[in-house]
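Undergrad: Once you've had a glance at the structure underneath, I'll fire off some questions.
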Amino acid sequence: MKNTIEFLKDMILAVVYPDRILSLFRVKNLDQNSSKILGNDRLVKVLAFILAVAFVISVRYTPAPSLIYTRTVENVPVEVRIDDGYTAFGSPIPATVDVVLSGSREQINVFELTNTLVAYVDLTGFEEGMFPNVFIRVEDPDGQITASPTVNMVPGEVIVDRIESIEFPIAPPLLVGLPEISNRFDYRIEPEEEFVTLTGASRFLADVFVVRTTLDAEDVLVESGNTTLGGNLVVDDAAGEPVMGIDIYPASIRFRLEIFEVTRTIEIEVDSTLSQRPARFQSISVTADPTEIQVWGDFFDMAPVLTLPRISYHDLDDDGRVRVPLAPLLPEGVYSEIEEIEVIVVYEISPPPEEDDDD
260 MKNTIEFLKD
270 MILAVVYPDR
280 ILSLFRVKNL
290 DQNSSKILGN
300 DRLVKVLAFI
310 LAVAFVISVR
320 YTPAPSLIYT
330 RTVENVPVEV
340 RIDDGYTAFG
350 SPIPATVDVV
360 LSGSREQINV
370 FELTNTLVAY
380 VDLTGFEEGM
390 FPNVFIRVED
400 PDGQITASPT
410 VNMVPGEVIV
420 DRIESIEFPI
430 APPLLVGLPE
440 ISNRFDYRIE
450 PEEEFVTLTG
460 ASRFLADVFV
470 VRTTLDAEDV
480 LVESGNTTLG
490 GNLVVDDAAG
500 EPVMGIDIYP
510 ASIRFRLEIF
520 EVTRTIEIEV
530 DSTLSQRPAR
540 FQSISVTADP
550 TEIQVWGDFF
560 DMAPVLTLPR
570 ISYHDLDDDG
580 RVRVPLAPLL
590 PEGVYSEIEE
600 IEVIVVYEIS
610 PPPEEDDDD
């Protein structure tokens with residue numbers, strides 16, 4: 260037994276010191292040593308078993324260089340796996356990644372015909388926070404194929420936050436291209452819905468300052484009536500910059516644009532006493548046509564009744580009518596469609612008294 264151990268020891272040392280082979284297999288001792296080794300049945304069986312195991316391992320698990328094959332699959336979509344009620348943002352997670360397959364050519368060909376590569380970023384179980392070094396993984400293919408992404412980590416930090424929803428009022432819209440509206444008209448615009456639902460990461464919702472839209476009013480007719488306009492909603496922060504990553508429901512909304520006149524009714528009053536009337540003149544009635552007018556503009560301090568200047572008898576035409584210009588009688592900044600007021604005088608002239616004949 261001692262000789263056997265020494266023989267194995269010398270075999271191992273011979274790998275490092277080849278010159279020991281000469282001393283191990285000296286001619287004069289070769290027959291004697293070999294006889295001792297081969298004559299021990301148990302030792303022969305152990306050596307045979309060790310050699311058999313080494314042979315199987317070398318054949319089974321050491322592929323020849325000619326069998327190693329790689330292939331790159333480009334643009335494999337990257338899934339983001341995250342718990343319900345959470346979202347991820349921050350450093351952008353690649354939408355696709357290239358994956359290198361390693362194995363035999365035949366196995367890779369079969370795999371590509373029957374399977375689909377799945378790349379993913381696993382954020383399940385993550386609470387709110389910032390996370391560096393998030394790995395991009397590939398589900399292991401079946402068989403003896405290995406799959407490795409060319410980019411195996413998300414650059415920078417991934418932020419995980421809770422998803423929330425809030426109700427938010429809609430601000431008055433910005434009208435673009437609305438024709439000029441005179442001071443005779445005004446308008447009011449009202450949304451069909453007063454509130455929208457905003458859904459997104461809680462830190463994004465905290466930045467929301469206003470929800471508004473811009474409406475194209477170029478084709479609106481400036482006259483009394485209603486018009487319906489629609490536009491897409493946007494979310495801005497206090498600086499007027501868009502807040503990204505927020506879903507708006509509804510995303511677009513319609514508004515009712517009402518244009519109406521801003522006028523006031525003023526009564527017309529006329530003095531029934533005419534100036535420069537003849538002695539035999541007797542008026543029956545003095546009226547104005549129209550008896551009231553609609554005015555617009557700066558009429559808030561205007562009296563509800565407009566009294567015309569006193570009419571002179573000599574200004575009447577043969578039909579007892581006279582036209583009075585209205586504009587000079589209105590306060591500054593007040594306007595009316597009526598340009599003149601017609602004053603109608605109904606009168607009679609008494610005949611001269613008869614003279615008595617002298618007898």
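If you count by the working numbering, then the sequence shown holds residues 260 to 618, one letter each, in order. We treat Cβ as the ideally placed atom computed from N, Cα and C, and that holds for glycine.
(1) Have a look at Ala354 and Val337 and give me their C-alpha separation to the nearest angstrom.
(2) Hey, could you find the ends of the alpha helix (DSSP H) Arg364 is sitting in?
(3) Output needed for Arg536: all residues of its chain with C-beta closer than 7 Å, excluding positions within five of it in sequence on either side, in chain order.
(4) Taking 7 Å as the threshold (C-beta atoms), are Leu457 and Ile425 in contact?
(5) For Phe540, name the three-state secondary structure that DSSP assigns.
(6) DSSP three-state call for Ser350: helix, strand or coil?
(7) Hey, Leu492 and Leu474: beta-carbon distance below 7 Å or not?
(8) What does a CB cutoff of less than 7 Å around Phe348 pick up in its chain, not counting 5 residues either side in sequence?
(9) For Ala406, write down the residues that DSSP places opposite it in a beta bridge.
(10) Grouping DSSP H, G and I as helix and E and B as strand, with all else coil, what is Leu464?
(11) Closest to Gly490 by C-alpha separation, out of Ile429, Val604, Arg330, would be which residue?
(12) Per DSSP, Asp495 forms a beta bridge with which residues?
(13) Please report the distance separating the alpha-carbon of Leu533 from that of Arg523.
(14) Taking only three categories from DSSP, how would you classify Gly344?
(15) To the nearest angstrom, how far is the alpha carbon of Glu398 from that of Ala378?
(16) Could you tell me whether any Cβ in chain C is nearer than 7 Å to the Cβ of Ser363?
(17) Where does Ile280 sit, in a helix, a strand or coil, going by DSSP?
(18) Under 7 Å between the Cβ atoms of Tyr606 and Phe540?
(19) Count the other CB atoms, across all protein chains shown, that sit within 10 Å of the CB of Arg285; report buried if there are 16 or more and exposed otherwise.
(20) Look up Arg580 in the DSSP assignment and give the residues it is bridged to.
(21) Exposed or buried, which one is Lys287 when buried takes at least 16 other CB atoms within 10 Å?
TA: By the coordinates alone:
(1) 5 Å
(2) 364 to 373
(3) Tyr572
(4) yes
(5) strand
(6) coil
(7) no
(8) Ile418, Ala460, Gly504
(9) Leu360
(10) helix
(11) Ile429
(12) Val469, Pro501
(13) 29 Å
(14) coil
(15) 6 Å
(16) The question asks about chain C, but that chain is absent: this structure has only one protein chain.
(17) Unreliable placement is indicated for Ile280, whose pLDDT of 49 sits below 50; the coordinate value is still reported in the next sentence. In this structure, Ile280 counts as helix in the three-state DSSP scheme.
(18) yes
(19) Residue placement at Arg285 cannot be trusted, given a pLDDT of 49 that sits under 50; what the coordinates show is reported in the next sentence. Exposed, by the Cβ-count rule.
(20) Ile603
(21) The pLDDT assigned to Lys287 is 44, lower than 50, so where the model puts this residue is not dependable, and the model offers no usable value.
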